[in-house]
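Student: Note that the protein sequences, when read in sequence, are chains A and B.
For the first sequence, the numbering used here assigns the number 1 to the initial residue and increments by one for each residue that follows.
For the second sequence, the numbering used here assigns the number 1001 to the initial residue and increments by one for each residue that follows.
Protein chains: 2
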Amino acid sequence: MAIRHGGTMKATFLLEQAMPKIDIANVPERQGSDYPAPYGQPVSARIRQALGRAGGLTDVGVNLMHLPAGSWSSQRHWHTREEEFVYVLSGELTLLTDAGEQPLRAGDCAAFPKNVPDGHHMINRGEVTAVYLDIGTRCADDTCNYSDIDLHLGPEAADYSHKDGKAYR
Amino acid sequence: MAIRHGGTMKATFLLEQAMPKIDIANVPERQGSDYPAPYGQPVSARIRQALGRAGGLTDVGVNLMHLPAGSWSSQRHWHTREEEFVYVLSGELTLLTDAGEQPLRAGDCAAFPKNVPDGHHMINRGEVTAVYLDIGTRCADDTCNYSDIDLHLGPEAADYSHKDGKAYR
Chain A
1 MAIRHGGTMK ATFLLEQAMP KIDIANVPER QGSDYPAPYG QPVSARIRQA LGRAGGLTDV
61 GVNLMHLPAG SWSSQRHWHT REEEFVYVLS GELTLLTDAG EQPLRAGDCA AFPKNVPDGH
121 HMINRGEVTA VYLDIGTRCA DDTCNYSDID LHLGPEAADY SHKDGKAYR
Chain B
1001 MAIRHGGTMK ATFLLEQAMP KIDIANVPER QGSDYPAPYG QPVSARIRQA LGRAGGLTDV
1061 GVNLMHLPAG SWSSQRHWHT REEEFVYVLS GELTLLTDAG EQPLRAGDCA AFPKNVPDGH
1121 HMINRGEVTA VYLDIGTRCA DDTCNYSDID LHLGPEAADY SHKDGKAYR
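1. On the three-state DSSP scale, how would you describe A/PRO42?
2. Can you look up B/LEU1133 in the DSSP assignment and give me helix, strand or coil?
3. According to a CB-to-CB cut-off of less than 7 Å, which residues of the segment 54 to 82 of chain A neighbour chain B?
4. Is A/GLU156 closer than 9 Å to A/LYS114 when the C-beta atoms are compared?
5. In chain order, what residues of the same chain lie with their CB nearer than 7 Å to the CB of B/TYR1039, ignoring the 5 residues before and after it?
6. Against A/LEU104, what residues of chain B qualify as contacts under a CB-to-CB distance less than 7 Å, listed in chain order?
7. Relative to the C-alpha of A/THR97, which residue among A/ASN124, A/GLY70, A/SER147 is closest?
8. Whole angstroms is fine: what's the gap from A/ASN145's alpha carbon to B/THR1058's?
9. With three or more C-beta pairs closer than 8 Å as the rule, is the segment 41 to 55 of chain A touching the segment 25 to 32 of chain A?
10. Helix, strand or coil for A/ILE170 per DSSP?
11. Just checking, does the segment 1104 to 1123 of chain B make contact with the segment 51 to 66 of chain A on the three C-beta pairs under 8 Å criterion?
12. Apart from the five residues on each side of it in sequence, which residues of its chain come closer than 7 Å, Cβ to Cβ, to A/PRO36?
13. According to DSSP, which residues form a beta bridge with A/ALA25?
14. Which stretch, first to last residue, makes up the beta strand (DSSP E) that contains A/SER161?
15. According to DSSP, is A/ARG53 helix, strand or coil?
16. If I measure Cβ to Cβ from A/ASP108 and keep anything under 7 Å in the same chain, skipping five residues before and after, which residues do I get?
This is how it looks when you write it as structure tokens:
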């Protein structure tokens, strides 16, 4: 009966294996940002679901983002070490960089290589919520530089600061 | 006239900046795989567009995949160092792992953490081409393990080999 017993053991083991499909409806929704006031206001309606984290990933983030009409994706910024990529699933966004503006509609995407000092963000100037995937590497020694405001986030501190290093909170 | 001159210089600079939106229609399509025969056959109709690379990314791959009816995404495999994530844009795929099968439809996604010895792949058992994003970190010291076949790809060699290390070609 060794074979039948082995079969039973295997069936039990199979049932205990994690199924890799992510149950998006049960991934927590996090609204807004961690920016110090007043910089969080334009981003306050943004909703993020950390799909990659929910699936056990640590080196790359894959976030499902819901950006209501009028909202910004973030303050305009660029990273020294982290790469970013966005893919629009529905709605329409306006991408702003030093190069100007570009519309991003469903099926459009954009990449932001590391250490290119050209800040980017997206604004939803449409009338419906835009949905997009926000993909990015995770680097502990990254510095995030903000193009338009007195904000800095680097590996030397756990929280945002002014560009001269002074704490906001 | 220093101010006007500065303004002109800045405008010229802006025009020369790269626009970050990716022109997907002009990203090369690569069909099939690099697997040695006969393992490439089930993957031979797969089409990949390397969107992340087209946008200058090196640490994370973001690939737009077209998988015709009957095609496999890959041979079933798992990585020691690289993380993977798939997000289905249209069509329907069947995801196969040690845990069994799961359907992945438009809006569904799955994550494959590194160093979890449970091989995965997807098969298009539907009647229309499935389109999905295949996202993954890039690690030079990664080993790719194949669950069902005598195939191995590790950092010690530039090409696939048998599991005992013998070369295929």
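A virtual CB, placed ideally from N, CA and C, is assigned to each residue, including glycine.
Tutor: Reading off the structure:
1. helix
2. strand
3. GLY55, GLY56, LEU57, ASP59, VAL60, VAL62
4. no
5. GLN1075, ILE1149, LEU1151
6. LYS1021
7. A/SER147
8. 20 Å
9. yes
10. Chain A is shown only over 1 to 169; residue 170 of chain A falls outside these bounds and no answer can be derived.
11. yes
12. TYR160, TYR168, ARG169
13. Answer by DSSP bridge pairing: none, since A/ALA25 is not bridged.
14. Careful: A/SER161 lies outside any beta strand (DSSP E) and carries neither H nor E.
15. helix
16. VAL88
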